[in-house]
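S.K.: My questions all concern the structure below.
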Amino acid sequence: MSSSDNGSPYRWVIEGLLLLALISQTLTWLAPAPLLSPIIKDLKIHLGDAGLIISIIALCIAIFSIGGAVVMEKIGALRSLIIGLWLLAGGGVLSGYAPTFVLLLACRVAEGIGFGLMIAPPTTLVMQWFAESEWPYMNTLNAVAPFLGLTAAFAITGPVYVALGTSWRGALTVYGVFVGGVALLWTLLGRTHPSHARGAGHAAETGALSEVLAMREIRMIAVALFCGMWVFQLYSAFLPEFFETIRGMTLERSGALTALIPFTGIFAAAGAGVLTGAIGLRRPFTYPSQILFGLGCLGAVTFTGVGAIRISLILIGIGSSALLPTLFTLVMELLGMTPTKAGAGLGVVWAAGYGGAFLSPVVCGAIASKVGLAAVMQGSLVFALVAIAGFFMVPETGPGRASLAAATANPQVSQIHTD
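Position 143 of the sequence shown, counted from 1, bears residue number 141 in this note's numbering, the numbering being contiguous throughout.
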(Lines of atoms letter the chains of each structure in order from A and count residues from 1; the text may use other names and numbers.)
(Lines give C-alpha, C1' and ligand atoms only; values in the text may rest on other atoms or scores of the structure.)
Protein backbone atom coordinates (compact mmCIF):
# COMPACT_ATOMS: atom_id res chain seq x y z
CA MET A 1 0.00 0.00 0.00
CA SER A 2 2.90 2.35 0.58
CA SER A 3 5.19 3.81 -2.00
CA SER A 4 8.03 1.74 -3.30
CA ASP A 5 10.50 4.52 -2.56
CA ASN A 6 9.34 6.90 0.14
CA GLY A 7 12.54 7.91 1.94
CA SER A 8 13.12 11.12 0.01
CA PRO A 9 13.93 14.16 2.19
CA TYR A 10 11.67 16.19 -0.10
CA ARG A 11 8.69 14.53 1.55
CA TRP A 12 9.06 17.03 4.39
CA VAL A 13 8.68 19.92 1.95
CA ILE A 14 5.50 18.28 0.67
CA GLU A 15 4.23 17.83 4.24
CA GLY A 16 4.94 21.47 5.08
CA LEU A 17 3.01 22.58 2.00
CA LEU A 18 0.16 20.22 2.94
CA LEU A 19 -0.08 21.83 6.37
CA LEU A 20 -0.39 25.29 4.82
CA ALA A 21 -3.04 24.06 2.38
CA LEU A 22 -5.10 22.42 5.13
CA ILE A 23 -4.91 25.53 7.31
CA SER A 24 -6.10 27.59 4.34
CA GLN A 25 -9.17 25.42 3.83
CA THR A 26 -10.78 25.87 7.22
CA LEU A 27 -9.58 29.45 7.66
CA THR A 28 -11.34 30.49 4.46
CA TRP A 29 -14.43 28.38 5.04
CA LEU A 30 -15.36 29.63 8.52
CA ALA A 31 -13.88 33.13 8.46
CA PRO A 32 -17.36 34.67 7.98
CA ALA A 33 -18.78 32.89 11.06
CA PRO A 34 -17.56 35.48 13.62
CA LEU A 35 -18.67 38.24 11.22
CA LEU A 36 -22.26 37.14 10.67
CA SER A 37 -23.77 40.01 12.67
CA PRO A 38 -22.13 42.82 10.63
CA ILE A 39 -22.71 40.89 7.39
CA ILE A 40 -26.41 40.51 8.22
CA LYS A 41 -26.72 44.23 8.93
CA ASP A 42 -24.70 45.36 5.91
CA LEU A 43 -26.38 43.12 3.34
CA LYS A 44 -29.80 43.31 5.03
CA ILE A 45 -30.33 39.55 5.16
CA HIS A 46 -31.84 37.22 7.77
CA LEU A 47 -30.30 34.40 9.78
CA GLY A 48 -31.17 31.70 7.25
CA ASP A 49 -29.33 33.60 4.49
CA ALA A 50 -26.39 34.09 6.83
CA GLY A 51 -26.28 30.35 7.43
CA LEU A 52 -26.16 29.84 3.66
CA ILE A 53 -23.00 31.95 3.48
CA ILE A 54 -21.30 29.30 5.60
CA SER A 55 -23.06 26.20 4.34
CA ILE A 56 -22.90 26.89 0.58
CA ILE A 57 -19.23 25.95 0.74
CA ALA A 58 -20.15 22.66 2.37
CA LEU A 59 -22.57 21.90 -0.50
CA CYS A 60 -19.84 22.55 -3.06
CA ILE A 61 -17.42 20.42 -1.06
CA ALA A 62 -19.97 17.60 -0.93
CA ILE A 63 -20.33 17.67 -4.71
CA PHE A 64 -16.75 18.35 -5.72
CA SER A 65 -15.00 16.10 -3.23
CA ILE A 66 -16.40 13.20 -5.26
CA GLY A 67 -15.92 15.10 -8.49
CA GLY A 68 -12.42 15.93 -7.33
CA ALA A 69 -11.66 12.24 -6.88
CA VAL A 70 -12.64 11.68 -10.50
CA VAL A 71 -10.58 14.69 -11.61
CA MET A 72 -7.64 13.39 -9.58
CA GLU A 73 -7.77 10.08 -11.46
CA LYS A 74 -7.45 12.04 -14.71
CA ILE A 75 -4.90 14.77 -13.92
CA GLY A 76 -3.22 13.55 -10.73
CA ALA A 77 -3.32 14.59 -7.08
CA LEU A 78 -0.85 17.46 -7.40
CA ARG A 79 -2.62 19.32 -10.19
CA SER A 80 -6.00 18.79 -8.56
CA LEU A 81 -4.71 20.30 -5.31
CA ILE A 82 -3.12 23.33 -7.03
CA ILE A 83 -6.27 24.11 -9.01
CA GLY A 84 -8.31 23.84 -5.82
CA LEU A 85 -6.01 26.23 -3.97
CA TRP A 86 -6.20 28.90 -6.68
CA LEU A 87 -10.00 28.67 -6.71
CA LEU A 88 -10.03 28.96 -2.91
CA ALA A 89 -7.76 32.02 -3.05
CA GLY A 90 -9.68 33.72 -5.85
CA GLY A 91 -13.02 33.26 -4.14
CA GLY A 92 -11.60 34.55 -0.87
CA VAL A 93 -10.18 37.73 -2.38
CA LEU A 94 -13.29 38.47 -4.41
CA SER A 95 -15.53 37.93 -1.36
CA GLY A 96 -14.14 41.17 0.02
CA TYR A 97 -15.42 43.06 -3.01
CA ALA A 98 -18.87 41.47 -3.32
CA PRO A 99 -21.46 44.29 -3.04
CA THR A 100 -24.51 42.02 -2.78
CA PHE A 101 -25.54 38.81 -1.09
CA VAL A 102 -25.83 36.97 -4.44
CA LEU A 103 -22.31 37.93 -5.51
CA LEU A 104 -20.94 36.97 -2.11
CA LEU A 105 -22.56 33.55 -2.50
CA ALA A 106 -20.99 33.22 -5.98
CA CYS A 107 -17.56 33.86 -4.46
CA ARG A 108 -18.25 31.32 -1.75
CA VAL A 109 -19.24 28.77 -4.42
CA ALA A 110 -15.82 29.24 -6.04
CA GLU A 111 -14.19 28.67 -2.65
CA GLY A 112 -16.29 25.57 -2.11
CA ILE A 113 -15.34 24.08 -5.47
CA GLY A 114 -11.69 24.69 -4.65
CA PHE A 115 -12.11 23.16 -1.20
CA GLY A 116 -13.78 20.09 -2.72
CA LEU A 117 -10.99 19.57 -5.25
CA MET A 118 -8.53 19.61 -2.33
CA ILE A 119 -10.23 16.84 -0.30
CA ALA A 120 -8.75 13.73 -1.95
CA PRO A 121 -5.17 14.81 -2.87
CA PRO A 122 -3.61 15.11 0.64
CA THR A 123 -4.27 11.46 1.47
CA THR A 124 -2.92 10.35 -1.89
CA LEU A 125 0.21 12.47 -1.50
CA VAL A 126 0.86 11.17 2.03
CA MET A 127 0.61 7.56 0.80
CA GLN A 128 2.94 8.37 -2.09
CA TRP A 129 5.65 10.17 -0.14
CA PHE A 130 5.64 8.45 3.28
CA ALA A 131 6.17 4.91 4.54
CA GLU A 132 3.17 3.08 5.95
CA SER A 133 4.64 3.26 9.46
CA GLU A 134 4.66 7.07 9.15
CA TRP A 135 1.02 7.42 8.09
CA PRO A 136 -0.53 7.78 11.58
CA TYR A 137 1.92 10.55 12.47
CA MET A 138 1.54 12.45 9.20
CA ASN A 139 -2.23 12.13 9.53
CA THR A 140 -1.90 13.57 13.02
CA LEU A 141 -0.14 16.66 11.69
CA ASN A 142 -2.67 16.94 8.89
CA ALA A 143 -5.55 16.62 11.35
CA VAL A 144 -4.12 19.37 13.56
CA ALA A 145 -3.70 21.81 10.66
CA PRO A 146 -7.44 22.41 10.03
CA PHE A 147 -7.89 23.23 13.71
CA LEU A 148 -5.16 25.85 13.41
CA GLY A 149 -7.21 27.38 10.61
CA LEU A 150 -10.38 27.18 12.70
CA THR A 151 -8.62 28.76 15.68
CA ALA A 152 -7.45 31.63 13.50
CA ALA A 153 -10.92 32.04 12.01
CA PHE A 154 -12.53 32.49 15.41
CA ALA A 155 -9.73 34.08 17.45
CA ILE A 156 -8.12 36.43 14.91
CA THR A 157 -11.01 37.46 12.67
CA GLY A 158 -12.59 39.72 15.30
CA PRO A 159 -9.39 41.73 15.94
CA VAL A 160 -8.64 41.86 12.18
CA TYR A 161 -12.17 43.15 11.57
CA VAL A 162 -11.67 45.91 14.17
CA ALA A 163 -8.16 46.75 12.94
CA LEU A 164 -9.47 47.25 9.42
CA GLY A 165 -12.06 49.77 10.57
CA THR A 166 -14.85 47.25 11.26
CA SER A 167 -14.72 46.03 7.66
CA TRP A 168 -15.81 42.43 7.21
CA ARG A 169 -14.89 42.73 3.53
CA GLY A 170 -11.34 43.70 4.39
CA ALA A 171 -10.96 40.75 6.73
CA LEU A 172 -12.12 38.26 4.08
CA THR A 173 -9.79 39.82 1.50
CA VAL A 174 -6.78 39.45 3.81
CA TYR A 175 -7.47 35.74 4.19
CA GLY A 176 -7.85 35.34 0.43
CA VAL A 177 -4.45 36.93 -0.15
CA PHE A 178 -2.90 34.53 2.37
CA VAL A 179 -4.36 31.53 0.53
CA GLY A 180 -3.06 32.98 -2.74
CA GLY A 181 0.44 32.89 -1.28
CA VAL A 182 -0.02 29.22 -0.36
CA ALA A 183 -1.26 28.46 -3.89
CA LEU A 184 1.82 30.13 -5.33
CA LEU A 185 4.12 28.04 -3.12
CA TRP A 186 2.41 24.84 -4.29
CA THR A 187 2.70 25.94 -7.92
CA LEU A 188 6.43 26.50 -7.53
CA LEU A 189 7.41 23.71 -5.13
CA GLY A 190 4.76 21.00 -5.36
CA ARG A 191 5.82 17.64 -6.80
CA THR A 192 4.39 14.18 -7.42
CA HIS A 193 6.49 11.30 -6.07
CA PRO A 194 8.59 9.86 -8.97
CA SER A 195 7.18 6.36 -8.44
CA HIS A 196 3.65 7.73 -8.86
CA ALA A 197 4.22 10.03 -11.81
CA ARG A 198 1.36 10.46 -14.25
CA GLY A 199 0.93 7.32 -16.33
CA ALA A 200 2.57 4.96 -13.85
CA GLY A 201 -0.09 2.37 -13.10
CA HIS A 202 -2.78 4.80 -14.26
CA ALA A 203 -4.94 2.17 -15.95
CA ALA A 204 -4.99 0.04 -12.82
CA GLU A 205 -6.35 2.93 -10.80
CA THR A 206 -9.19 3.79 -13.17
CA GLY A 207 -12.53 3.06 -11.52
CA ALA A 208 -11.24 3.59 -7.99
CA LEU A 209 -14.35 5.57 -7.09
CA SER A 210 -16.77 2.78 -8.01
CA GLU A 211 -14.69 0.28 -6.04
CA VAL A 212 -14.72 2.28 -2.81
CA LEU A 213 -18.43 3.02 -3.15
CA ALA A 214 -19.01 -0.74 -2.99
CA MET A 215 -17.21 -1.04 0.35
CA ARG A 216 -19.50 -1.43 3.39
CA GLU A 217 -16.98 0.27 5.70
CA ILE A 218 -16.88 3.37 3.51
CA ARG A 219 -20.68 3.57 3.48
CA MET A 220 -20.90 3.24 7.28
CA ILE A 221 -18.29 5.93 7.81
CA ALA A 222 -20.12 8.16 5.33
CA VAL A 223 -23.42 7.90 7.26
CA ALA A 224 -21.71 8.55 10.58
CA LEU A 225 -19.77 11.51 9.21
CA PHE A 226 -22.90 13.02 7.65
CA CYS A 227 -24.55 13.11 11.07
CA GLY A 228 -21.44 14.25 12.94
CA MET A 229 -20.77 17.07 10.50
CA TRP A 230 -24.44 18.11 10.65
CA VAL A 231 -23.97 18.91 14.33
CA PHE A 232 -20.42 20.27 14.09
CA GLN A 233 -21.23 22.70 11.29
CA LEU A 234 -24.39 23.91 13.02
CA TYR A 235 -22.50 24.67 16.21
CA SER A 236 -19.47 26.16 14.42
CA ALA A 237 -21.68 28.49 12.41
CA PHE A 238 -24.15 29.58 15.08
CA LEU A 239 -22.43 29.37 18.47
CA PRO A 240 -21.01 32.91 18.15
CA GLU A 241 -24.48 34.16 17.20
CA PHE A 242 -25.99 32.12 20.07
CA PHE A 243 -23.58 33.64 22.58
CA GLU A 244 -24.22 37.16 21.27
CA THR A 245 -28.00 37.12 21.02
CA ILE A 246 -28.95 34.73 23.83
CA ARG A 247 -26.09 35.03 26.31
CA GLY A 248 -25.51 38.74 25.68
CA MET A 249 -21.81 38.55 24.84
CA THR A 250 -19.87 40.90 22.54
CA LEU A 251 -18.71 39.84 19.09
CA GLU A 252 -15.09 39.63 20.24
CA ARG A 253 -15.98 37.69 23.40
CA SER A 254 -18.21 35.18 21.60
CA GLY A 255 -15.59 34.58 18.91
CA ALA A 256 -12.82 34.12 21.45
CA LEU A 257 -14.95 31.72 23.49
CA THR A 258 -15.89 29.65 20.45
CA ALA A 259 -12.19 29.52 19.52
CA LEU A 260 -11.75 27.15 22.47
CA ILE A 261 -13.16 24.40 20.24
CA PRO A 262 -10.44 24.42 17.57
CA PHE A 263 -7.75 25.43 20.08
CA THR A 264 -8.51 22.35 22.16
CA GLY A 265 -8.75 20.36 18.94
CA ILE A 266 -5.11 21.10 18.14
CA PHE A 267 -3.92 19.23 21.23
CA ALA A 268 -6.61 16.55 21.13
CA ALA A 269 -5.91 15.67 17.49
CA ALA A 270 -2.18 15.54 18.19
CA GLY A 271 -2.64 13.37 21.27
CA ALA A 272 -5.09 11.02 19.58
CA GLY A 273 -2.86 10.66 16.54
CA VAL A 274 0.21 9.81 18.61
CA LEU A 275 -1.74 7.36 20.76
CA THR A 276 -3.40 5.58 17.85
CA GLY A 277 0.02 5.17 16.24
CA ALA A 278 1.57 3.91 19.47
CA ILE A 279 -1.09 1.35 20.41
CA GLY A 280 -1.97 0.35 16.84
CA LEU A 281 -5.74 0.63 17.42
CA ARG A 282 -8.31 2.94 15.79
CA ARG A 283 -11.69 2.19 17.40
CA PRO A 284 -10.87 3.79 20.80
CA PHE A 285 -10.79 7.13 18.96
CA THR A 286 -13.92 6.79 16.81
CA TYR A 287 -17.24 6.34 18.62
CA PRO A 288 -15.91 7.30 22.11
CA SER A 289 -14.84 10.67 20.73
CA GLN A 290 -18.33 11.19 19.33
CA ILE A 291 -19.81 10.58 22.78
CA LEU A 292 -17.63 13.39 24.19
CA PHE A 293 -18.61 15.60 21.28
CA GLY A 294 -22.33 15.13 21.87
CA LEU A 295 -22.03 15.83 25.60
CA GLY A 296 -20.05 18.99 24.92
CA CYS A 297 -22.62 20.28 22.44
CA LEU A 298 -25.43 19.69 24.90
CA GLY A 299 -23.61 21.56 27.64
CA ALA A 300 -22.66 24.51 25.42
CA VAL A 301 -26.29 25.46 24.81
CA THR A 302 -27.79 24.51 28.17
CA PHE A 303 -25.29 25.81 30.74
CA THR A 304 -25.32 29.53 31.49
CA GLY A 305 -22.17 29.85 33.57
CA VAL A 306 -19.05 30.80 31.64
CA GLY A 307 -16.97 28.12 33.37
CA ALA A 308 -19.38 25.34 32.46
CA ILE A 309 -19.62 26.66 28.91
CA ARG A 310 -15.83 26.59 28.61
CA ILE A 311 -15.71 22.96 29.77
CA SER A 312 -18.42 22.07 27.25
CA LEU A 313 -16.54 23.75 24.42
CA ILE A 314 -13.39 21.88 25.41
CA LEU A 315 -15.32 18.61 25.17
CA ILE A 316 -16.54 19.60 21.71
CA GLY A 317 -12.96 20.28 20.68
CA ILE A 318 -11.71 16.95 22.00
CA GLY A 319 -14.57 14.93 20.55
CA SER A 320 -14.54 16.51 17.12
CA SER A 321 -10.78 16.43 16.65
CA ALA A 322 -9.68 13.10 18.16
CA LEU A 323 -11.54 11.33 15.34
CA LEU A 324 -9.71 13.02 12.46
CA PRO A 325 -6.21 11.49 12.42
CA THR A 326 -7.79 8.11 13.13
CA LEU A 327 -10.29 8.51 10.28
CA PHE A 328 -7.61 9.19 7.67
CA THR A 329 -5.46 6.28 8.83
CA LEU A 330 -8.46 3.94 9.12
CA VAL A 331 -9.46 4.54 5.50
CA MET A 332 -5.86 4.07 4.32
CA GLU A 333 -5.72 0.70 6.13
CA LEU A 334 -8.88 -0.78 4.63
CA LEU A 335 -8.25 -3.96 2.64
CA GLY A 336 -7.04 -3.35 -0.91
CA MET A 337 -6.42 0.39 -0.57
CA THR A 338 -3.98 2.16 -2.91
CA PRO A 339 -3.12 5.89 -2.83
CA THR A 340 -5.76 6.70 -5.44
CA LYS A 341 -8.41 4.47 -3.85
CA ALA A 342 -7.77 5.95 -0.41
CA GLY A 343 -8.13 9.45 -1.83
CA ALA A 344 -11.38 8.41 -3.53
CA GLY A 345 -12.62 6.76 -0.32
CA LEU A 346 -12.01 9.89 1.70
CA GLY A 347 -13.62 11.89 -1.07
CA VAL A 348 -16.77 9.79 -0.63
CA VAL A 349 -16.95 9.99 3.16
CA TRP A 350 -16.21 13.71 3.22
CA ALA A 351 -18.78 14.29 0.50
CA ALA A 352 -21.34 12.78 2.85
CA GLY A 353 -19.95 14.74 5.79
CA TYR A 354 -20.04 18.06 4.02
CA GLY A 355 -23.49 17.24 2.68
CA GLY A 356 -24.64 17.22 6.29
CA ALA A 357 -22.61 20.35 6.95
CA PHE A 358 -24.43 22.12 4.09
CA LEU A 359 -27.91 21.12 5.12
CA SER A 360 -27.71 21.79 8.84
CA PRO A 361 -27.22 25.59 8.91
CA VAL A 362 -29.78 26.10 6.14
CA VAL A 363 -32.45 23.81 7.56
CA CYS A 364 -31.80 24.65 11.19
CA GLY A 365 -31.40 28.36 10.48
CA ALA A 366 -34.84 28.42 8.87
CA ILE A 367 -36.39 26.44 11.74
CA ALA A 368 -34.64 28.64 14.31
CA SER A 369 -36.44 31.68 12.92
CA LYS A 370 -39.70 30.05 14.10
CA VAL A 371 -38.85 28.08 17.26
CA GLY A 372 -35.63 29.70 18.47
CA LEU A 373 -31.94 28.97 18.02
CA ALA A 374 -31.46 27.19 21.37
CA ALA A 375 -34.25 24.66 20.72
CA VAL A 376 -32.89 23.84 17.25
CA MET A 377 -29.34 23.36 18.49
CA GLN A 378 -30.51 21.04 21.26
CA GLY A 379 -32.82 19.06 18.97
CA SER A 380 -30.06 18.53 16.40
CA LEU A 381 -28.17 16.34 18.86
CA VAL A 382 -30.18 13.32 17.72
CA PHE A 383 -27.76 13.31 14.79
CA ALA A 384 -24.88 12.96 17.25
CA LEU A 385 -26.46 9.72 18.49
CA VAL A 386 -26.56 8.34 14.96
CA ALA A 387 -22.89 9.27 14.48
CA ILE A 388 -21.97 7.36 17.64
CA ALA A 389 -23.84 4.27 16.42
CA GLY A 390 -22.36 4.50 12.94
CA PHE A 391 -18.75 4.65 14.08
CA PHE A 392 -19.40 1.89 16.60
CA MET A 393 -20.19 -0.42 13.66
CA VAL A 394 -16.90 0.27 11.84
CA PRO A 395 -14.38 -2.55 12.50
CA GLU A 396 -10.85 -2.21 13.81
CA THR A 397 -8.18 -1.82 11.08
CA GLY A 398 -5.01 -1.05 13.04
CA PRO A 399 -2.03 -3.40 13.34
CA GLY A 400 -2.87 -3.91 17.02
CA ARG A 401 -6.08 -5.73 16.10
CA ALA A 402 -4.27 -9.08 15.93
CA SER A 403 -3.12 -8.95 19.56
CA LEU A 404 -6.51 -7.59 20.60
CA ALA A 405 -8.26 -10.46 18.83
CA ALA A 406 -5.95 -12.96 20.48
CA ALA A 407 -6.62 -11.48 23.91
CA THR A 408 -10.38 -11.62 23.43
CA ALA A 409 -10.24 -15.07 21.85
CA ASN A 410 -8.48 -16.74 24.81
CA PRO A 411 -11.56 -16.87 27.06
CA GLN A 412 -13.57 -18.28 24.19
CA VAL A 413 -11.00 -20.98 23.59
CA SER A 414 -11.07 -21.88 27.26
CA GLN A 415 -14.85 -22.08 27.16
CA ILE A 416 -14.71 -24.40 24.15
CA HIS A 417 -12.30 -26.71 25.94
CA THR A 418 -14.53 -26.68 29.04
CA ASP A 419 -17.59 -27.61 27.04
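Every residue gets a Cβ at the ideal spot worked out from N, C-alpha and C, and that includes glycine. Please read all numbers here as calculations on a predicted model, not as lab measurements.
Taking 6 Å as the limit between beta carbons, can you name the residues of its chain near L239, skipping five residues before and five after?
M.R.: Reading the sequence as shown, one finds Glu at residue 239 and not Leu. Shown here for E239: same chain residues with a beta carbon closer than 6 Å to its own, the five before and five after excluded, namely L34 in chain order.
S.K.: In or out: Y173 buried (at least 16 other Cβ within 10 Å) or exposed?
M.R.: buried
S.K.: Whose C-beta lies closer than 7 Å to the C-beta of A60 among residues of the same chain, with five residues either side of it excluded?
M.R.: The residues are A349, Y352, G353, F356.
S.K.: Go ahead and pull the three-state DSSP assignment for R214.
M.R.: helix
S.K.: Go through its chain and collect everything with a Cβ distance to G343's Cβ below 6 Å, but skip five positions before and after it.
M.R.: Counting only Cβ-Cβ distances below 6 Å, and skipping sequence neighbours, we find V210, I216, V329.
S.K.: Do three or more CB pairs link the region 16 to 25 to the region 138 to 148 at distances below 8 Å?
M.R.: yes
S.K.: Taking only three categories from DSSP, how would you classify P337?
M.R.: Three-state DSSP puts P337 in a helix.
S.K.: Unbroken alpha helix (DSSP H) runs of length 4 or more, entirely within the region 267 to 330: which are they?
M.R.: 285 to 300
S.K.: Would you mind stating whether R9 and W127 have Cβ atoms separated by less than 8 Å?
M.R.: Contact flag set, yes.
S.K.: Do Q23 and F152 come within 8 Å of each other at the CB atom, strictly closer than that value?
M.R.: No.
S.K.: Give me, in chain order, the residues of the same chain whose beta-carbon lies closer than 7 Å to that of P282; leave out the 5 immediate sequence neighbours on both sides.
M.R.: none
S.K.: Helix, strand or coil: how does DSSP classify I43 here?
M.R.: Assignment of I43 by DSSP, reduced to helix, strand and coil, places it in the coil class.
S.K.: Counting along the chain, where does the alpha helix (DSSP H) carrying V11 start and finish?
M.R.: 9 to 28
S.K.: Identify whether M247 lies in helix, strand or coil by the three-state DSSP scheme.
M.R.: coil
S.K.: Nearest to H191 by alpha carbon, out of S367, L76, P30?
M.R.: That would be L76, whose Cα lies nearest to the Cα of H191.
S.K.: Would G14 be called buried (16 or more neighbouring beta carbons within 10 Å of its own) or exposed?
M.R.: exposed
S.K.: I think V392 touches T324, with their Cβ atoms under 8 Å apart; what is that distance to the nearest whole Å?
M.R.: Going by Cβ atoms, the distance from V392 to T324 rounds to 10 Å, so no, they are not a contact pair.
S.K.: Would the region 44 to 51 and the region 171 to 187 be scored as touching if the rule is three or more Cβ pairs under 8 Å?
M.R.: no
S.K.: For F128, does the three-state DSSP call read helix, strand or coil?
M.R.: Here F128 sits in coil by DSSP.
S.K.: Distance, Cα to Cα, F62 vs G74?
M.R.: 15 Å
S.K.: By DSSP, does G398 sit in helix, in strand, or in coil?
M.R.: coil
S.K.: Alpha helix (DSSP H) containing S93: first to last residue?
M.R.: 75 to 93
S.K.: Have a look at G269 and G88 and give me their C-alpha separation to the nearest angstrom.
M.R.: 35 Å
S.K.: CB T185 to CB V272, shorter than 8 Å?
M.R.: no
S.K.: Which of the three DSSP states, helix, strand or coil, is assigned to V392?
M.R.: Collapsing the DSSP output to three states places V392 in coil.
S.K.: Is the beta carbon of W166 sitting closer than 8 Å to the one on I307?
M.R.: no
S.K.: For T248 and L371, I'd like the C-alpha separation in whole angstroms.
M.R.: 18 Å
S.K.: Identify the continuous alpha helix (DSSP H) that holds L371 and give its terminal residues.
M.R.: 371 to 377
S.K.: Taking 7 Å as the limit between beta carbons, can you name the residues of its chain near V158, skipping five residues before and five after?
M.R.: A169, V172
S.K.: To the nearest angstrom, how far is it from the Cα of G445 to the Cα of T26?
M.R.: The structure shown does not extend to residue 445, since the chain is modelled only from -1 to 417, so the question has no answer here.
S.K.: Need the endpoints of the alpha helix (DSSP H) that R106 sits in, please.
M.R.: Unbroken alpha helix (DSSP H) run through R106: 99 to 115.
S.K.: Would you say the beta carbon of R106 is closer than 7 Å to some non-hydrogen atom of the ligand NAP?
M.R.: For the ligand NAP, the structure offers nothing, since it holds no ligand at all.
S.K.: In its own chain, which residues sit with a C-beta less than 8 Å from the C-beta of G5, not counting the 5 before and 5 after it?
M.R.: A129
S.K.: By the DSSP assignment, the alpha helix (DSSP H) with L162 in it spans what residues?
M.R.: Where L162 is concerned, there is no enclosing alpha helix (DSSP H), given that its DSSP letter is neither H nor E.
S.K.: Alpha helix (DSSP H) containing L146: first to last residue?
M.R.: Start and end: 133 to 153.
S.K.: Using three-state DSSP, classify A48 as helix, strand or coil.
M.R.: helix
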